[in-house]
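Residue numbers (our numbering): 784 to 925. Worksheet for the structure shown next.
Below, the structure written as structure tokens:
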């Protein structure tokens, strides 16, 4: 799990640097706020992030109680280092009848399984969400 970018918002935070090595891609360094969760609760969302420019896959796990935010800056639950991703790009919410995804009026929009996202729509395990140059495969057990 990429602790610098995808830990739950709860718990204490500290500044730090995380170095990751991806097969065949060398090492990647991230500097920023490292968040430590006091307790992992909620539905685990498993996200595989692929950046077209870097060609590096990163795995993230977010724990969804009510909602998670994805964007380019903190305090989003998942921060994506992609200049074409908006500061607060999208939100995934959990309702009694399932998970939903909504674009937060981002500059470049959001695509789900190749279709432009308009409004709020159901999110299904295995959906491919594209924001900027970044592709996110989102899986979960509901």
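Note that beta-carbon positions come from the ideal geometry of N, C-alpha and C, so glycine has one too.
Roughly how many whole angstroms lie between the Cα atoms of residue i and residue j?
i	j	result
residue 922	residue 911	9 Å
residue 875	residue 896	15 Å
residue 845	residue 902	23 Å
residue 955	residue 889	Residue 955 lies beyond the range of the chain shown here (784 to 925); nothing can be said about it.
residue 879	residue 839	35 Å
residue 913	residue 825	24 Å
residue 828	residue 847	7 Å
With distances taken Cα to Cα, identify the nearest neighbour of residue i among the options.
i	options	result
residue 862	907, 909, 830, 904	830
residue 842	833, 849, 850, 848	833
residue 900	854, 884, 879, 855	884
residue 892	882, 868, 908, 879	868
Within a Cβ cutoff of 6 Å, which residues of the same chain sit near residue i, ignoring the five residues on either side of it in sequence?
i	result
residue 865	915, 916, 917
residue 920	831, 911
For residue i and residue j, which I take to be in contact (beta-carbon distance under 8 Å), what is that distance rounded to the nearest angstrom?
i	j	result
residue 887	residue 873	6 Å
residue 881	residue 925	6 Å
Can you list, in chain order, the residues of its chain whose CB lies under 7 Å from that of residue i, leaving out five sequence neighbours each side?
i	result
residue 852	859, 860, 871, 874
residue 849	876, 877
Which of the three DSSP states is assigned to residue i in this structure?
i	result
residue 886	strand
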